[in-house]
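Student:
Numbering (our numbering), first residue to last: 103 to 1853.
(1) What residue ranges within the region 331 to 416 form continuous beta strand (DSSP E) runs of no fewer than 3 residues, ordered along the chain?
(2) Please say whether residue 1162 and residue 1179 have beta carbons closer to each other than 8 Å?
(3) Excluding the five sequence neighbours on either side, which residues of its own chain have a C-beta within less than 8 Å of the C-beta of residue 438, listed in chain order?
(4) Should residue 943 and residue 985 be called a contact, given that it needs their Cβ atoms to be closer than 8 Å?
(5) Can you name the residues that DSSP bridges to residue 1403?
(6) With contact counted as at least three CB pairs below 8 Å, one residue from each stretch, are the region 1251 to 1259 and the region 1295 to 1303 in contact?
(7) I'd like the list of long-range same chain contacts for residue 716, defined as Cβ closer than 7 Å, with 5 residues on each side in sequence excluded.
(8) CB-CB under 6 Å to residue 537, same chain, minus the five flanking residues each way: which ones, in chain order?
(9) What residues in its chain sit with their C-beta under 7 Å from that of residue 850, if we drop five residues either side in the sequence?
(10) Taking the DSSP output, what are the residues bridged to residue 1050?
(11) Just the Cα atoms here: how many angstroms apart are residue 1856 and residue 628?
(12) Would the beta-carbon of residue 878 fall within 8 Å of that of residue 1051?
(13) Hey, how far is the Cα of residue 1469 from the Cα of residue 1697?
(14) Taking residue 357 and residue 443 to be in contact with their CB atoms under 8 Å, please state how far apart those CB atoms are, rounded to whole angstroms.
(15) Just grab the DSSP bridge partners of residue 1413 for me.
(16) Can you grab the Cα-Cα spacing for the pair residue 708 / residue 772, in whole Å?
(17) Closer than 8 Å by C-beta to residue 164: which residues in its own chain qualify, once you throw out the five before and the five after it? Chain order, please.
(18) Could you tell me if residue 1801 is buried or exposed, where buried requires 16 or more neighbouring beta carbons within 10 angstroms of its beta carbon?
(19) Quick one: is residue 1176 buried, meaning 16 or more other Cβ sit within 10 Å of its Cβ, or exposed?
(20) In terms of residues, what are the limits of the alpha helix (DSSP H) holding residue 170?
(21) Tell me which residues share the same chain as residue 754 and place their Cβ nearer than 8 Å to its Cβ, disregarding the 5 neighbours each side in the sequence.
(22) Among residues of its own chain, excluding the 5 on either side of residue 953, which ones have a beta-carbon nearer than 8 Å to its beta-carbon?
(23) So, are the CB atoms of residue 1349 and residue 1418 less than 8 Å apart?
(24) According to DSSP, simplified to helix, strand and coil, what is residue 1896?
(25) For residue 945, I'd like the list of residues in its chain whose CB is within less than 8 Å of its CB, leaving aside the five on either flank, ordered along the chain.
(26) Which residues share a DSSP beta bridge with residue 432?
(27) So what's residue 327 in DSSP terms, helix, strand or just coil?
(28) For a test of the three-state rule: what should DSSP assign to residue 1243, helix, strand or coil?
(29) Is there a Cβ from chain C that is less than 8 Å from the Cβ of residue 365?
(30) Which whole-angstrom value describes the C-beta separation of residue 1638 and residue 1587, a residue pair presumed to lie in contact below a C-beta threshold of 8 Å?
(31) Just the C-alpha distance for residue 1718 and residue 1711, rounded to the nearest angstrom, thanks.
(32) Let me confirm a value: residue 1204 is counted as buried when at least 16 other C-beta atoms fall within 10 Å, else exposed. Which label applies?
(33) Between the beta-carbon of residue 919 and the beta-carbon of residue 961, is there less than 8 Å?
(34) Could you give the distance in angstroms between the alpha-carbon of residue 383 and the alpha-carbon of residue 450?
(35) What's the C-alpha gap between residue 316 and residue 503?
(36) Pull up the distance between the alpha-carbon of residue 1067 and that of residue 1271, whole angstroms please.
Okay, here's the thing in structure tokens:
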């Protein structure tokens, strides 16, 4: 029966309200859903209702509002009703001293997708009962900690009394499992592992919770320490038993439970022991196993618990952990504590003396934290707790104020679908249950929840074979459901009858219903739910005229192929407003009276450049360009000149009038003047009126022009020629006429009287009083000091010996000699450059040596430079603050002239390769002479010449040097005093000072090295020498205390002793450096008071243990006797250079005397010298061969002659080059399940260098062990992580695994193994926290961080799991689901049942074209795997909701303002050093620079760097804190202002020094930590101009996810980007994006917003293609896998690309593997088929192959 229908105006009002509530019909999912029954309808959305009225003619499934507007009665609508009921509510009593919650019970029934919000109150009293249980490590290393704890019982009780008057205290102890390998199982060690200790045990409850503090102290005094073998302890067993054994421990139900866990070691966890890998122990059953003595009994049969197990059990029993650990294990427990919602972590002193203070701080922190968690929640329900009163921390807890009633907002939401399955299709346990909303310190709120999944009652009351359905169907819910073979509203039409088809075929067409509908009983029933209309469905309501891309301009609807416009609009596409509001001018008129209004636009009667859209004169534009616009017409009409002269002049729209005088400028609109190019005269004219001259307008032009007088420009070329000729004559005179040159020099402009010369002509020096080996000789300039002069000089040694030069000529010219080189660099000197060891000094030294080598390597025989150091030169003029570099170049003696010319050439050019130098200064020192140049800058009077003195032991008693000023190559000065004589007197030495022997052996146990120094007295008097220590394998401040000073011998003294303090060997040093001997040098220098240095003047001090020293001494005793020493000196300047991986070239300078040969001694550094190899050589060089690769060698050389053997030279160290490593050690497999294995391997036996990475390859093999398909490669670039977890392998299939290592020389050979996991024992496994294990997914085809990632979470891989361990991600397009739901489809998508088919398609970079040529093209590009890669809030709906854009117009930047920098990349250079890079943003104007801001994430000083250079897109930051998160913000600036900023958060993780957590441990590894990107982007086409975007939550969010930021922009630019904010955190988030254009590629970026800021972006490119420009397709009913494309078919083209994540390791830039899936997928390509085709390897099976190609 039909009830009363609302009137037409009521329906219109309801429709208007409906359109306002649901803009564009985007939110009405009920209407779009393809449902067949009432139950399916009401499950689509919480707002969906179903109309059961028999007389209702419209769509039955719709929203309640639209059904009412369409005429459905309220009583005929079926909806799902939800309910909310408080079952238990007791008001909070603040006078009670216990935690309370209100309400205590709820009953809630929610519809799918519905949310309920309610408030909960929680009260925490100022004082509440407290139970404190201390759990202490009783291994031997904690003995002093136990002693201190025994003394502090009373202090501990005093702290508890300050917190509460009702407290109890207990104590337990633990060590480890009493089994191998954790415990020494020898009988005597089982009885007493350490002297005066108890037998080993796992855990024991010593003192149950008690109020008697005296009893606690007395029992504690009787406890003794125990012990175990390995460093990690079994504390996890103890924590679990403490939690679950409530009766034994004595936990009270209404008290605060605190567990203090005290240790100095790491911990064992599930599946980390050798006994576990062997499959001995089963999983922990989480039950209490304490005997009557309180001892844990199941330690030998059950494994350790996992971290998630402890978190769950402690939370269930209201236990809050407090970790009191030492610095050595702090990093382990810092990570562990982050998993507990409320916990505390403190650093113990070595003896636990600060435990009371630590606990007091922990109590205060814990009391201010409250965590509220939803326990035992069904999978279909989500709970979120927030508060407006209290701040939420990163761990999810709230910072509360005790004594106040806190109010919390709870959101309870029923999700609509889970992993693609509707929530009503899930098991009942996933839809209903009891959620326990539990605060930290109380029992909490119990909620009985249920998701409403009712079946419509009308479906249970159907009328079968009803007469209302012609007995051909069932009448149900107000309509007929026809039986098979019948159709129509009353089931009266047989679908097999052909007699009624003729009325459905339009004349001239061969398709029924135009191919856009079905013929039922002679009538066309159109497809598309209203899309197609007409008697023959001939009209498509998507093909009406469009305006600006919108159908009917979005101001009307399409009906019967035409636009039906809304009121107030007209036109073919509804683009013309009927109102003239847009034509009203500033005066209120229409088009300023100069035109008429049509279609909302003004049509002006007279068009002009200076009229706007409403025909209004733009006077500002007139003044800017009117004169210039009229210029050419005035010029041609008045004078017949200009660019328009001739016939073009007739086109001018106005006439000119010639007048004698013009009006003044202020009386006219514009007064114009221009110069006529034809006669160079100026003409003027005026413009009057409104500035828009028309055909009848006149411009007044002044008849008279202003012309300049006649010129003499012809004289200019003549004068220029004469001046050039004069300059040429003067130059020739200067060059070839000495007389002219002298005359010119007397001119004032040529510095008359300008002269340079030495200040003195003779210097007398005493050798024993000299402090250096050079003399600064002043050079003066007199007269006019203007201009610049350079002076070349030279020095000659031993001029008192006339035959010396001829004897020197007999030396072998090819022999290598040292050349000293000094240059002035074009950079200022700093304090760090003067300190040899600083980073700045080392960097500049490397730069200098590399660039100079590039220049001098062209000299035959030249070697690399060495002994480079930096200094300043005083008295050097204006450049005395510049850096001077001194270095030594080994080159043949014959190369001296070539070196001099090359040096002068590059000094004149001001650059040595890329090294900038200051022109005018150099010094080149040879064996017996030196040459150089100095420079006088303008205004400089005095410059020092640094003259080398060539001090040699064989010098004469009185030596002469001659210094000569050669010439002035640049400048006009003349030379004055040219020569300087220097006399050096060698007085008779008063004494010879030396060491007794070249080497001294000392034991580290002596603490002080005592080194004797002797003096041989020649003339009784004082003698003084300087001494200093120098590192070799021993390092200063680690092995010994560096020292330097002076030794003064008084008259008669012959012996002194040097003392060097030795340091104890640290534990870290013994682990890292082994037991090798250490050595350092002591050098004597700078003798004074007549002293001379004898041999040896350098001593080597060897530090070792007593056993090593005894062996060394024995070796020296048994060695062959040394030859008697003669007067030969030690060879000079020993130099070693590696020439290969097994060769070293060793050379030196001959010593004074006549040696007949040389003896070389060399050995591996760290070995005893007694194991040295000996070589004889007749030349001052030798080639050492057959050495070990990448090995440090030490060597020294001595000369021997007829008199015997001379002293050895100083030690030289050299390292051979690396060589490719050998194959890695044995491969080991820990089989977790038949599809998951953990692969481990050992380091190569011969590393031959420093291992930098490993490459793991694996792939399927057949029965003959031949590969099937390509091998998958994984790069493990952290060489210490020699383990890999591989998941999703194919069951019962053999795989081939290979591992190879890489060092600086390249990749080594592979280690191979073939294994079938199905034949191996399996067991579940936990991924450990430390060390992190790389995980790869064998089936992941799309690069969602699956190639290599490091697990930061402790997660479980269940047996037989086919999913990655590190997330619940489903790889879309490859492993997951890709649905294309189109509006207008008659059916929903069907999945092909292919589970029984054995797909084994060969995986290649491009699939065969014939396979997917009909409707799909998939391409995958594989690139090499390389490693190079934050907040607003909103409350928008998360799932299946239409999100409103954040108004792209309002967010558009002003013109010229730069956009956001497009990418932020971090690179770690060290544990405290970071490089930040970004990409240049888009900007219409030129950039002026950048601003970089950074600060600690948890607050602190804000640092800002301004970068004025726009081409600089990176900056290096130093002195950052390790293990601290920093937030960085970068923005760009243009002339228009600053653009928006790009934000990123990064943490440099590294090991720190135990005593100083802010100081990184030297040599330790460092990595970067950053949030990961969201999951792959999945696109679903909804219409030609809209799509649905979905993604999954990041694997590593690095904080609680608050929402996502989505950016949409055209891939090739054009329009500004549009941003969306999606609030909340769910496994899969979805967003509907409207307003797109067809055949235009769009780029989408998604970032997760966490409590730490914004993470990296996930990008994807999408195009909605119209293959033939036709209509959007309907869904056909073909049964094949693919459908040939129909005319006008749409498809969706996707490009999935991985994000660029800043995962940076050891200073290397890590870049993600790039993998793309691109193609055109039609609606019939099921995801299941695509995933199986792409993710398996092998060859395609024959039946499937035929089906695939035939379809």
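Virtual Cβ for every residue (Gly too), placed ideally from N, Cα, C.
Tutor: So, from the data block:
(1) If only complete runs of 3 or more residues are kept, the region 331 to 416 shows the beta strand (DSSP E) at 358 to 365, in order along the chain.
(2) Result no, Cβ atoms of residue 1179 and residue 1162 do not sit closer than 8 Å.
(3) 369, 409, 425, 1431, listed in sequence order.
(4) Result no, Cβ atoms of residue 943 and residue 985 do not sit closer than 8 Å.
(5) The partner list for residue 1403 (beta bridge, DSSP) reads 1356.
(6) A contact between stretches requires three or more CB pairs, one per stretch, nearer than 8 Å, and the region 1251 to 1259 meets this requirement with the region 1295 to 1303.
(7) Non-local C-beta neighbours of residue 716 in its own chain, meaning closer than 7 Å and more than five positions away in sequence, comprise 685, 687, 693, 694, 704, ordered along the chain.
(8) Excluding positions up to five away in sequence, the list reads 476, 479, 549, 551.
(9) In this prediction, residue 850 scores a pLDDT of 49, lower than 50, which makes its location untrustworthy; the coordinate-derived value is nonetheless stated afterwards. Nothing listed; no residue qualifies.
(10) Per DSSP, the beta-bridge partners of residue 1050 are 876.
(11) Summary: the structure shown does not reach residue 1856, with the chain confined to residues 103 through 1853, and so no result is reported for it.
(12) With contacts defined by Cβ atoms closer than 8 Å, residue 878 and residue 1051 do not form a contacting pair.
(13) With a pLDDT of only 28 at residue 1469, under the threshold of 50, the placement of this residue in the model should not be trusted; the figure read from the coordinates follows. Here the C-alpha atom of residue 1469 lies approximately 5 Å from the C-alpha atom of residue 1697.
(14) Separation of the CB atoms of residue 357 and residue 443 is rounded to 19 Å, and the pair is thereby denied contact status at 8 Å.
(15) DSSP, once it has assigned bridges, lists 1401 as partnering residue 1413.
(16) About 21 Å.
(17) When the five nearest sequence neighbours on each side are left out, the beta carbons in the same chain lying within less than 8 Å of the beta carbon of residue 164 are those of 130, 132, 133, 150, 151, 153, 172, in order along the chain.
(18) In this prediction, residue 1801 scores a pLDDT of 37, lower than 50, which makes its location untrustworthy; the coordinate-derived value is nonetheless stated afterwards. Burial check for residue 1801: the Cβ neighbour count within 10 Å reaches 16 or more, so the residue is buried.
(19) Residue confidence for residue 1176 is low, a pLDDT of 48 falling below 50, so the modelled location carries little weight and cannot support an answer.
(20) Start and end: 166 to 171.
(21) Only 735, 738, 739, 746 meet the Cβ criterion.
(22) So the list reads 1014, 1015, 1016, 1017, once near-sequence residues are dropped.
(23) No, the Cβ-Cβ distance between residue 1349 and residue 1418 is not below 8 Å.
(24) The first residue shown for the chain is 103 and the last is 1853, placing residue 1896 beyond what the model contains.
(25) Here the set comprises nothing.
(26) Within the DSSP bridge table, the entry for residue 432 names no partner.
(27) Three-state DSSP puts residue 327 in coil, outside helix and strand.
(28) Residue state, collapsed to three classes: coil.
(29) In the structure shown, chain C does not exist; there is a single protein chain.
(30) 6 Å between Cβ atoms; contact.
(31) Rounded to the nearest angstrom, the two C-alpha atoms are 7 Å apart.
(32) By the 10 Å Cβ count, residue 1204 comes out buried.
(33) Their beta carbons are not under 8 Å apart, which means residue 919 does not touch residue 961 by this criterion.
(34) One alpha carbon belongs to residue 383, the other to residue 450, and they sit about 34 Å apart.
(35) Those two C-alpha atoms are separated by around 34 Å.
(36) Residue 1067 and residue 1271: Cα-Cα distance of roughly 52 Å.
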